[in-house]
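So the structure is just underneath, and the comments pick up after that.
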Amino acid sequence: MFCKLKPWIKEHPHCYLLGYWIFYLLYFELLEHLITPRYILHSAVDDMIPFNEYFVIPYVMWFPLLVLPLAYFLFHSKKDFQDLCFFMFTGMTFCLIVYTILPNGLQLRVPIVHDNLCAKLVAFLQSMDSPTNVCPSIHVSSTVAIWIVVFRYQYFKHPFLIKGTTGIVSILIILATMFIKQHSIIDVVLGIILSLILYVVTYHMNWRKLFDHTLLKNAVN
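Read in full-length UniProt numbering, the sequence shown has 153 at position 153, and its numbers run on one by one without any break.
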């Protein structure tokens with residue numbers, strides 16, 4: 001199978017950008033095990049947001065939201081794929097650096113008293129994902145990055161449906177991070193600000209030039 005893929009990969013070197021996921025997952029996992037939070041984030045607004053286990057449904061929609069646009073642009077638009085990778089992966093890298101230098105966490109989680117599927121799913125997520133490495137929110141910054149790149153794309157067969165659905169899902173994902181107490185509003189706001197800054201860098205600066213003398217030159221040009 002790899003022999004069949006090899007010619008395609010050679011013709012589409014931008015697919016190598018997906019290798020970033022290996023670095024990201026390894027680094028994030030190391031942080032989860034090695035870093036102890038020194039800064040606990042909290043806002044009075046967090047106390048006004050009630051826990052609602054049903055928001056776990058849009059929360060987990062983040063995972064297909066990460067995959068589907070990358071897969072679509074990989075095969076349909078090299079430039080938009082590259083822009084999305086730079087936009088999203090730069091935001092993730094910045095967050096990892098912040099988590100390393102300024103280890104942070106939350107103490108927002110509340111007892112789960114309901115006995116339903118969504119409540120059990122929240123409990124499972126909490127058992128797998130500690131309330132550390134939260135600010136800025138990667139969940140939020142990557143969601144905003146995807147939303148912007150999808151919104152800018154002009155060649156969808158059903159643009160209103162796809163862009164509208166992506167927008168609604170993105171808003172629900174961002175809200176969900178707070179309603180299931182995975183993030184403080186501080187994490188959310190800073191995640192949005194980070195993506196707005198990276199929007200300017202991605203679309204109003206020649207970021208590809210940064211890679212002219214690197215191994216990624218062919219992947220971004």
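Glycine included, every Cβ here is placed at the ideal spot set by N, Cα and C.
* Asked: Can you tell me whether DSSP reads N104 as helix, strand or coil?
  -> N104: strand per DSSP, three-state reduction.
* Terminal residues of the continuous alpha helix (DSSP H) containing L125? -> 117–128
* Asked: Run through DSSP, which three-state label would L216 get?
  -> The three-state reading of DSSP puts L216 in coil, since its state is none of H, G, I, E or B.
* Count the other CB atoms within 10 Å of the CB of L5; is the residue buried (16 or more) or exposed (fewer)? -> exposed
* Report the option in H139, Y20, H158 whose CA atom is closest to the CA atom of S195. => H139
* Stretch pair the region 164–182 + the region 82–93: three plus CB contacts closer than 8 Å -> no
* To do: Report the residue ranges of all alpha helix (DSSP H) runs contained in full by the region 148–197; include only those spanning at least 4 residues, in chain order.
  => 159–179
* **Top-ranked residue by Cα proximity to D46, from F63, K181, S141** => K181
* Asked: In three-state terms, what does DSSP make of G90?
  -> Gly is not the amino acid found at residue 90; the sequence shown has Thr there. Correct three-state label for T90: helix.
* **For I49, the residue or residues it bridges with in DSSP** => The partner list for I49 (beta bridge, DSSP) is empty, contrary to what the question assumes.
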